[in-house]
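Residue 28 in numbering that gives the first Met the number 0 sits at position 29 of the sequence shown, and the numbers go up by one each step.
Presented below is the structure to which this report refers.
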Amino acid sequence: MEFRVLGPVAVVSERGEPLPLGPAKRRGLLAMLVRCPNAAVAVDRLTEALWRGEPPRHSRTVVQGHVSQLRALLAAHGAPAHGVELRTHGAAYLLRVPETRVDAHRFEELLRAARAAGAPRAALPVLREALALWRGPALAGTVDSPLLEHAAHALEELRLTAVEELAGAHALLGEHGTAAAVLRAEAVAHPLREPLIAALMRALDGAGRQADALDWFHRTRRLLADQLGVDPGAVLTDAYTALLRTGSAAAPAAAAPIRGALPVPAPAQAPATASTPIPAPTPTAVVPAAPAAPFPQLLPRRPRAFTGREDELAALDRAVTAAPGAVALITGSPGVGKTALAVHWAHRRGADFPDGRLFVDLHGYSTVPARSPTAVLRAFLLALGLPAEQMPGSAEALGARYRELTAARRMLIVLDNARDSGQVRPLLPGGEHCVTVVTGRDRLGGLVASDAARPVPLAQLPAARSTELLAAALGPDLGPELVAAEPEAAARLAALCEGLPLALRVAAARLATDPHRGLAAFVRELSDEHRRLDLLNLEDTGVGAALGLTVRQLPEPARRMFHRLGPHTGATLDTCTAAALADCPPDRAAVALDQLAAAQLVVEAGPRTYVLHDLVRLYARSLAPGHDPAGLIRLLDHWLSTLLAASAAAEPGSEPCCALPAGARPSAAIRGFADRTSALAWYSAERDTLRGAVDAAVAAGLHGRAWRLVLLQWPLILWQVRDGWVPLLEQGLACAERDGDPGAQSRARALLGWVLAEEGRSEEALGHLERAPGLSALAGDPAGEAVARINLAVALTRRGTPERTRELLVRALALAEEAGRTETVTLAHQHLTAHLLAVGAPAEAARHAARGLALAAPPLAAPRRVVLRTLYGEALAATGRTPEAVRQLDDAIREARAHAYEEGEIAARAVLAGLPRP
């Protein structure tokens, strides 16, 4: 019995089967106990972990219930026999478990062993073994609470430490390219972890890729400035300086393992809060007396139903205490609530500005012309008490007088809706005790560079806060009751509004005018993409109106790109896909996407990768007459080319199951895939996007492209076979039939039949599989017929009717050899081996396994070799050749572990465990 927390929380039986743990709270409770094995964990501590806020009155009963269920589950699977017991210990619970059965403990032990190994060559396999224990984000599948988040973060830090040490060991051995490959994926996932980026720069430099190393430095510097408002720290700056000074950042000491080094925060003063006033001014030199005037208060009224934003309010508090004359810069997409945040904060901190608060809408993104700095200065000077007849004549004199009158004051200046840095700079006050808050859709990097503005980026509201805002905007009489009555519909409405406060407020306004409509009915209307933007607009207010103002102000490359984004079917967008949509070179697409990111219309998620939210995509689609059919075809052909590359990387040595359709346009560029892991990760990440592309192709009558989009996902379908693929495959089959392609119909039926068989739907599976071979024969596709026969043979065996299995597999082998398809030949040998073992012919099984292994050398994917070695070991053992069997099984286990093929390792270990002991 094994307890796992390095990924989804799980308990695995001795047979390798995960135990049915139940809901997220039970998994969270188990995670808390597993992280403190053999130690009592108080009920209060468990309660704190299971509820983010105030727990319900019956929380102790709930905890007891989960403990009881866990105890019964563990006992039913033989826990006591393995030294595992869940005990009650007063007002606490204690999980007795040998620590070697906890994956996190084994990981930490291996990490210590790697450090004790000394020599990097000895440390490498130990570090790889440690990292192979990870199956995803730590403590996944549990509830969302600070305690569990903290525990998961601590484990993730340990994992990153192990990754850094693995790269360091490779670097010490001179394997800089390998070190860079190890670090790059983590650098993409953790773009602000400076020691990690510095190590990647050194590795890239050692591999002779100095330009890439410099690119990573500048990319990280921009991210630090945009997201945190800080400059790179010493570790990153030192690597950059070394690279510039000597042409090499790979100083000898820098290649050593990092051993858990983390950015060390500089001593920081306590952040200002609503109860922490901005420091009072120190005495200053006497300045010319300002005219007597009331303290100006130009703020708009406090925004109604303001909800959440605690983190951003705290960030504003910190930003305005960072330096004298502080400038805080609130940036975000249209409708995200920048003005509301600035005004709410300004009202909350009013006591800190006894000399007044100025506010102006600069109309940077508006239907009316932008306000000129000169006009704003005149209005500010009048508010500060300067008579109109004393108003200076020139812009320079106006600015000088404004700075003079603000020099000795403690004031707040809110500059809302700024277009660019040039519109803001003349309006910055002269006093060191004044604070300026700027809001804008553009990132205003020039203001950060010239005036040390501290960015406060504003993202969409999380789901819980979105429903709170919806209820608040509906009003106290209607909102809480409506949301409480239909919580699932409220959550869905928040998701359709994508956490945009503007969209949520418009939705609330529509509901308030027709409360009998109900949330669920309104959600059904919003779910229709053709109506969503219209429903989220009211008169001149709404998402479409806000986006339109931004698009009109875009530079020409960005505006042209935005008009081409409508056919896109997903949330993520890279430069290659954008180039296909816009029919332009990737470099030009990258420039346009950077401009769209600066305007907050797309969000940069990584190097040359962006997020395009649904409401923005729908607005772009509304700008393209006829939905841009040529752009859709370019997009579909781009996806097909990318899928061909992904399937080649995911299943090395395999033959493509189809070619591009006649007349397809080759993409200017497609993304590359370094290995099987990166290809499968891309498949998983883009699954919804590809499903949307299939739907779009079907709607446009492009059936030949639609079925290709389905079939080319086969590597992920086989890898995650029980993950709800039947509707997509049925859609692909229907498209192949409409396209009149018997070969495509055969492959669709063979794949659909395989999935149905895996789901236990044998009758439906055989209905498709029996027809597939004949369709391939009709199409003159021997390779497709071979695959169809193999799948049919496997389904018949599983159903308990194996009489035709040998005939089907022998014919499949001959067809695959005739077609010259090595990967299919090895597949036929694999299944023939398994069949012959099942019918008691181990010697013949061993011969087929040996022939399959001889063909399964790289580049064929490692899982095929692992399965063949395991079958070969089983066949050898059955013929009495036990030492040879052990060698094959040991090799299978090593290769499975090296390629993170957990199922293959478990299967090989099970066979090995059943061999007679010498």
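Think of the CB as a built atom: it goes at the ideal place given N, C-alpha and C, for glycine as much as any other residue.
Selection from the options that minimises the alpha carbon distance to residue i
| i | options | result |
| --- | --- | --- |
| Glu47 | Leu126, Glu148, Ala9, Met0 | Glu148 |
| Gly851 | Tyr871, Asp513, Arg516 | Tyr871 |
| Glu388 | Glu395, Ala394, Arg377 | Arg377 |
| Leu914 | Asp889, Asp143, Glu902 | Asp889 |
| Leu383 | Ala180, Lys337, Val423, Pro295 | Pro295 |
| Pro665 | Ala678, Leu689, Ser640, Asp674 | Ser640 |
| Gly52 | Glu487, Ser144, Leu126 | Ser144 |
| Val434 | Ala764, Ala129, Leu411, Ala406 | Leu411 |
| Ala118 | Thr540, His828, Glu164, Ala151 | Glu164 |
| Leu227 | Arg300, Ala321, Glu309 | Ala321 |
| Ala853 | Arg880, Thr878, Val824 | Val824 |
| Gly723 | Arg746, Glu758, Ala695, Leu199 | Glu758 |
| Arg127 | Ala139, Ala350, Ala112 | Ala112 |
| Arg707 | Cys656, Ser677, Arg686, Gly752 | Cys656 |
| Val437 | Pro456, Val4, Ala198 | Pro456 |
Limits of the alpha helix (DSSP H) - the one that residue i falls within
| i | result |
| --- | --- |
| Asp316 | 309 to 319 |
| Thr688 | 686 to 698 |
| Glu155 | 145 to 171 |
| Ile329 | No alpha helix (DSSP H) holds Ile329; the beta strand (DSSP E) holding it covers 326 to 331. |
| Pro479 | 478 to 484 |
Rounded Cβ spacing between residue i and residue j (contact assumed at less than 8 Å)
| i | j | result |
| --- | --- | --- |
| Leu477 | Ala502 | The pair is not a contact, with the Cβ atoms about 18 Å apart (cut-off 8 Å). |
| Asn37 | Val96 | 7 Å |
| Ala874 | Leu836 | 6 Å |
| Leu499 | Leu473 | No, Leu499 and Leu473 are not in contact; Cβ-Cβ is about 16 Å, not under 8 Å. |
| Leu768 | Arg748 | 7 Å |
| Met200 | Ala238 | 5 Å |
| Leu622 | Pro566 | Rounded, the Cβ-Cβ distance is 12 Å, inconsistent with contact. |
For residue j and residue i, the rounded distance between their alpha carbons
| i | j | result |
| --- | --- | --- |
| Gly392 | Thr373 | 10 Å |
| Val910 | Gln63 | 40 Å |
| Ala471 | Ala508 | 11 Å |
| Ala137 | Glu155 | 7 Å |
| Gly703 | Leu242 | 52 Å |
| Ala39 | Pro190 | 38 Å |
| Leu642 | Ala668 | 13 Å |
| Glu555 | Val522 | 36 Å |
| Leu546 | Val615 | 7 Å |
| Leu380 | Leu340 | 26 Å |
| Pro353 | Asp230 | 33 Å |
| Val11 | Arg59 | 28 Å |
| Gly445 | Ala161 | 39 Å |
| Pro7 | Gly355 | 54 Å |
| Ala249 | Gly205 | Low local confidence applies: a pLDDT of 44 at Ala249 is under 50, so the model's placement there is unreliable, with the coordinate-based value given in what follows. Near 6 Å, if we compare the C-alpha coordinates of Gly205 and Ala249. |
| Ala661 | Gln730 | 21 Å |
| Arg810 | Ala557 | 57 Å |
| Ala279 | Ile196 | Bear in mind that the predicted position of Ala279 carries a pLDDT of just 38, short of 50, making it unreliable; the figure below should be weighed with that in mind. Cα to Cα, the separation comes out at about 40 Å. |
Beta-carbon spacing of residue i, residue j below 8 Å
| i | j | result |
| --- | --- | --- |
| Leu814 | Pro781 | yes |
| Val359 | Asp419 | no |
| Ile905 | Gly15 | yes |
| Gly541 | Val505 | yes |
| Ala598 | Leu553 | yes |
| Leu548 | Leu564 | no |
| Pro772 | Arg760 | no |
| Leu728 | Leu711 | no |
| Ala577 | Val610 | no |
| Ala202 | Ala153 | no |
| Asp450 | Leu427 | yes |
| Leu679 | Trp718 | yes |
| Leu69 | Leu85 | yes |
Start and end residues, beta strand (DSSP E) containing residue i
| i | result |
| --- | --- |
| Ile789 | Looking at the DSSP string, Ile789 is not in any beta strand (DSSP E); the run it does join, the alpha helix (DSSP H), is 781 to 798. |
| Glu497 | Careful: Glu497 lies outside any beta strand (DSSP E) and carries neither H nor E. |
| Ile196 | Looking at the DSSP string, Ile196 is not in any beta strand (DSSP E); the run it does join, the alpha helix (DSSP H), is 193 to 205. |
| Glu84 | 84 to 87 |
| Leu397 | Here Leu397 belongs to no beta strand (DSSP E); instead the alpha helix (DSSP H) covers 394 to 405. |
| Phe216 | Careful: Phe216 lies outside any beta strand (DSSP E), inside the alpha helix (DSSP H) at 209 to 222. |
| Glu806 | Element bounds for Glu806: not the beta strand (DSSP E) but the alpha helix (DSSP H), 804 to 818. |
| Leu457 | 453 to 457 |
Test: residue i CB closer than 8 Å to a CB of chain B
| i | result |
| --- | --- |
| Arg100 | The structure shown contains no chain B; it holds only a single protein chain. |
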